[in-house]
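Peer 1: Pasting a structure here, questions to come.
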Amino acid sequence: MGIQGLLPFLKSIQNQRHLSELAGQTLAVDGYVWLHRGTYTCSTELATGRKTTKYVRYAMQRVRLLRYYGIRPYIVFDGGRLPAKRGTEEERSRRRTENLACAKELTAKGKHSQAREFYSKCVDVTPEMAFQLIKALRAEDVPYVVAPYEADAQLAYLERVGIVDGIITEDSDLLVFGCKNVTGISRDDFGKVTECSLRGWTDAQFRAMAILSGCDYLASIPGVGLKTAWTFLRKYRTAENVIRALRLEGKKSVPQGYLEAFMTTEKVFLYQRVYDPLEEKLVNLTPIPPGEALSQADECFIGEDIAPAVAKRVARGDANPNTHLPIEDIDRSFEPRSTKPLPFKSHDLNSSKSKGKSAEKHNGASILSFFGSNAKGASPKAAKSVAPPQMVAGRASGKRRLMGLMHDDMAIKRKRLLEIEIDQNDEVNVPSPVQSRFFGIHPTAGSSPLGPTPSADTVLVVDEDDAEEVEDAEEPDHVAQEDGYLSPTRSFKRLSTPDLSSPPQFPERSRVFCRDSSTGDFAVDLLSSPESRKPMRRLRSKSLSSREGKTSLCTPRKSGPANSMDGSVAEVSCRPDKFDDADTMEIADFTMPPCSFGGSTQSSSGLDTPVSQEGADVVTCVEDLDLGDDIEFIEIRRAKQDAVARGWWSKWSHGGARERDGPKDRKDRTLRRRETTVTSDGLHGALRSRPNGKAGGDRKAPTNGVANREGGSARRSQVGPEWAHNVEMIRRHRSTGMTESGMGAVG
DNA sequence: CCCAAAGCGTCCT
DNA sequence: CGCTTTGGG
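Numbering-wise, our numbering puts 450 at position 310 of the first sequence, and it's gapless, one number per residue.
Printed below as a string of structure tokens:
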């Protein structure tokens, strides 16, 4: 959720940059965002409990895309839940079960495509799934860390201490956490915000504005949004003054104790606990000033301290961030370690060309020359557009049509890819002696991020959509298994590295490879880069469909791969495989401890269960494992947190407020929803019964909810009336408990 | 007219 | 998240 409207608020200072302009930087990303997107491919499998790791692939493709552009990705995972947010979690999980029920019902009726939509809405990304991605990250030596609590705070910390140069995220919260460079927005530019100037605003004032307008931890004072918060803060300067003024003014009803809640919230943004990869222990996001004393409750809200040994295991992904018990490897057969070389042999069989080139690529210049020749050969604006889609009826239909086009397009592209891929694939992937040399020079390159580039004061991160557009076009294609992900990394020589690279150590800030930033101004269009020939059409169609209003694709892009290639990609493919046997053993031992979890009720699948529920069984195991944390302490702590969480949630958070005066409201809504239901003859009930939007008997004019739903259903009914009907039926059934017969219109 | 609030589609192949 | 609508000041 974040801060509603904060990104649009800051839009005037947002600076879109192409990924290639960020070469040489280390950028942190939230791993759960990618994981969640990855689940769309396999939501049904996940929801029905079938084993899959397909969701790993999407994230790894993004990782490689970034690396391809010379960016060092640093993946940050969400960890334990913070008390103030637990309510959000609960509501989400409630929604998920609701959607799962819908999905199952639809499946039972044989409506599989509709079911899939609901399956995708009930997928939860678990720490165990994150661990699967972590396995892949380890295999490719991608730095990562699991936050003890929230990824946002962890991301902010990594940037604050200089481990990363910037952050890629769509979550506006990051700025509130004090980040300097987030998705193209630079803290330094705040003064330039056009509409409402933030010139001279302190961090505290900006934070206050965000909190007052409503955030994940604290609902806003009803009727107060960003603009009002801004106005009042400009006038009264501090949050305390603003709150007092609002009370005095009397126009808005400020809840009792709001100021205290505000101050607690502020502490969560300021002092939330994060993992320090260097010191290997938890620290506060920003140091607590000597004068400031935190109450017991505060400690709870910012996330309680965790013994360093445990914290480290959590950070590495070996322990579940909620239970602190060993993480369960839900798919041991998924081993993204690259134990054997890629199947180049088969490629060679199919491509005589690749043989010659593979010889060439072993002299270091090959990659550069490869790109060079390409850059000069390609014509900048060669893309020819897809024929404008014909609008059928309404915008939705138009989009649907576009989707279809895209599909066709992709099918064509895929076929072509199969042919082209063959010689391009090994071209890009196979390490050259030059690349290997990097590791002779600097063996820890894979795990030590580059220092911030001198020229990178203002780190601007490209919109992810932007990245997406080039992804298929420019990312070197790696071998991918049909099911799930296969690491492209080749392990040539297994170096014995006593310590796992992740969370990585940063022995020193050193630049492994130099990149002349002036050559970054390689004036080549996006489409001229190496592999652009194949997917032009697709690029075009994709931009049309997903961002109709934007012209981002039309703007010529600078292309840096030629420069970044020698560094980053080299690294991707020829890092020594650190995940050697010793490490494997260590992990195996850890996941299957001698005390055998099999006998305990906690056992294999019980990792979601709070420790307190299974305490007796776990105690011995935990002690045997020497996990460090006293189980009794864990229990007490958890109970305390629960109490605090519940208290906070019911009082201050969005869901709490909604829950209190919610039921009536919800019933109201469902009743109205019925009015909009499609009847058995396929016509839209609401449209028929009140063609002018005038509802007889309604005490008020139709709510926007009705209007929206009418719109939505109407659009859908053009695709298929039964669709809207069924979904509405089930949803209604679920949320109100009413029977189908009670609702009348059933087909 | 501006603002807050609420809802929907998007995200994946 | 972005986009849209609606209702209230």
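For every residue, glycine included, the Cβ atom is placed at its ideal position computed from N, Cα and C.
So the beta strand (DSSP E) I122 belongs to, where does it begin and stop?
Peer 2: Coverage of the chain is limited to positions 141 through 887, which leaves residue 122 absent and any answer about it impossible.
Peer 1: From the DSSP output, in three-state form, read off R347 for me.
Peer 2: DSSP places R347 in helix when its eight states are reduced to three.
Peer 1: Taking all protein chains shown into account, decide if A433 is buried (16 or more other Cβ within 10 angstroms of its Cβ) or exposed.
Peer 2: When all chains shown are included, A433 counts as exposed.
Peer 1: Since G219 contacts A296 with CB under 8 Å, what's their CB separation in whole angstroms?
Peer 2: Rounded, the Cβ-Cβ distance is 14 Å, inconsistent with contact.
Peer 1: Where does the unbroken beta strand (DSSP E) through Y415 begin, and where does it stop?
Peer 2: First-last of the beta strand (DSSP E) with Y415: 413-416.
Peer 1: Could you tell me how far apart the beta carbons of L399 and L410 are, in whole angstroms, since I believe they sit closer than 8 Å?
Peer 2: Incorrect: roughly 16 Å between the Cβ atoms, too far for contact.
Peer 1: Assuming A255 and T247 make a contact with CB atoms under 8 Å, what is their CB distance in whole Å?
Peer 2: About 4 Å separates the two Cβ atoms, so the contact holds.
Peer 1: Hey, quick one: how far does the beta strand (DSSP E) through K249 stretch, first residue to last?
Peer 2: Where K249 is concerned, there is no enclosing beta strand (DSSP E), given that its DSSP letter is neither H nor E.
Peer 1: If I measure Cβ to Cβ from A168 and keep anything under 6 Å in the same chain, skipping five residues before and after, which residues do I get?
Peer 2: Cβ within range, chain order: Y214, V216, L295, L298, V304, I307.
Peer 1: Taking a contact to mean a Cβ-Cβ separation below 8 Å, would you say L428 touches F402 in this structure?
Peer 2: Before going on, a small fix: residue 428 reads as Ile here, not Leu. Their beta carbons are not under 8 Å apart, which means I428 does not touch F402 by this criterion.
Peer 1: Please state the DSSP three-state secondary structure of F317.
Peer 2: DSSP places F317 in coil when its eight states are reduced to three.
Peer 1: Let me check one thing: in DSSP terms, what residues is A369 bridge-paired to?
Peer 2: The partner list for A369 (beta bridge, DSSP) is empty, contrary to what the question assumes.
Peer 1: In three-state DSSP terms, what is K421?
Peer 2: DSSP places K421 in strand when its eight states are reduced to three.
Peer 1: Cβ atoms of V196 and A291: under 8 Å apart, would you say?
Peer 2: Contact flag unset, no.
Peer 1: Pick helix, strand or coil for L640, following the three-state DSSP scheme.
Peer 2: Confidence is the limiting factor: at L640 the pLDDT is only 31, short of 50, which leaves the residue's position unreliable, though a coordinate-based value still follows. Here L640 sits in coil by DSSP.
Peer 1: Counting beta carbon pairs with one atom in the stretch 145-153 and one in the stretch 182-199, are three or more of them shorter than 8 Å?
Peer 2: Judged by Cβ distances under 8 Å, the stretch 182-199 makes no contact with the stretch 145-153, as fewer than three pairs qualify.
Peer 1: Alpha carbons only, please: which of Y259, V263, F258, V285 is nearest the one belonging to F271?
Peer 2: Here the closest residue by C-alpha is V285.
Peer 1: Could you spell out the range, first to last residue, of the beta strand (DSSP E) harbouring I215?
Peer 2: Where I215 is concerned, the enclosing beta strand (DSSP E) stretches over 212-217.
Peer 1: How many Å lie between A459 and P267 at the Cα?
Peer 2: Approximately 9 Å, taken between the alpha carbons.
Peer 1: How long is the line joining the alpha carbons of W341 and T371, rounded to whole angstroms?
Peer 2: The alpha-carbon atoms of W341 and T371 are separated by roughly 13 Å.
Peer 1: Touching or not, the stretch 781-795 and the stretch 436-449, by the rule of three or more beta carbon pairs under 8 Å?
Peer 2: With a cut-off of 8 Å, the stretch 436-449 and the stretch 781-795 count as touching, because enough Cβ pairs lie within range.
Peer 1: Please list, in chain order, all residues of the same chain as Y180 whose beta carbon is under 7 Å from its beta carbon, the five residues on each side excluded.
Peer 2: Once the five neighbours on either side are set aside, the close Cβ partners of Y180 are S260.
Peer 1: Which word fits K249, buried or exposed, when buried means at least 16 other C-beta atoms lie within 10 angstroms of its C-beta?
Peer 2: With fewer than 16 other Cβ atoms within 10 Å, it is exposed.
Peer 1: Y284 lies in the beta strand (DSSP E); which residues open and close that run?
Peer 2: Note, Y284: beta strand (DSSP E), 284-286.
Peer 1: Beta carbon of G171, beta carbon of L366: below 8 Å?
Peer 2: In this structure, L366 does not lie closer than 8 Å to G171 by Cβ.
Peer 1: Could you give the residue range of the beta strand (DSSP E) that holds V169?
Peer 2: From DSSP, the beta strand (DSSP E) with V169 extends over 166-170.
Peer 1: Considering just the uninterrupted stretch of the alpha helix (DSSP H) at K275, what are its terminal residues?
Peer 2: Here the alpha helix (DSSP H) through K275 covers 267-279.
Peer 1: Please identify the residue among V173, P417, G142, P430 whose C-alpha is closest to the C-alpha of V301.
Peer 2: Comparing Cα positions, the closest option is P417.
Peer 1: I'd like the list of long-range same chain contacts for D343, defined as Cβ closer than 7 Å, with 5 residues on each side in sequence excluded.
Peer 2: Closer than 7 Å at the Cβ level, and outside the excluded window around D343, lie G318.
Peer 1: When you compare each of E468, T188, K407 to Y357 by their alpha carbons, which one comes out closest?
Peer 2: With distances taken between Cα atoms, Y357 lies closest to K407.
Peer 1: In three-state terms, what does DSSP make of P461?
Peer 2: Here P461 sits in coil by DSSP.
Peer 1: Which of the three DSSP states is assigned to S829 in this structure?
Peer 2: Here S829 scores only 32 on pLDDT, less than 50, and its place in the model should not be relied on; the value that follows carries that caveat. Three-state DSSP puts S829 in a helix.
Peer 1: Using DSSP's beta-bridge definition, name the partner residues of P466.
Peer 2: Per DSSP, A459.
Peer 1: Note down the Cα distance separating K452 from Y289, rounded to an integer number of angstroms.
Peer 2: Approximately 13 Å between the Cα atoms of the pair.
Peer 1: Nearest-angstrom Cα distance between G544 and A437?
Peer 2: At G544 the pLDDT is 34, less than 50, meaning the model places this residue with poor confidence and gives no usable figure here.
Peer 1: What's the C-alpha gap between I325 and F773?
Peer 2: Their backbone Cα atoms lie some 42 Å apart in a straight line.
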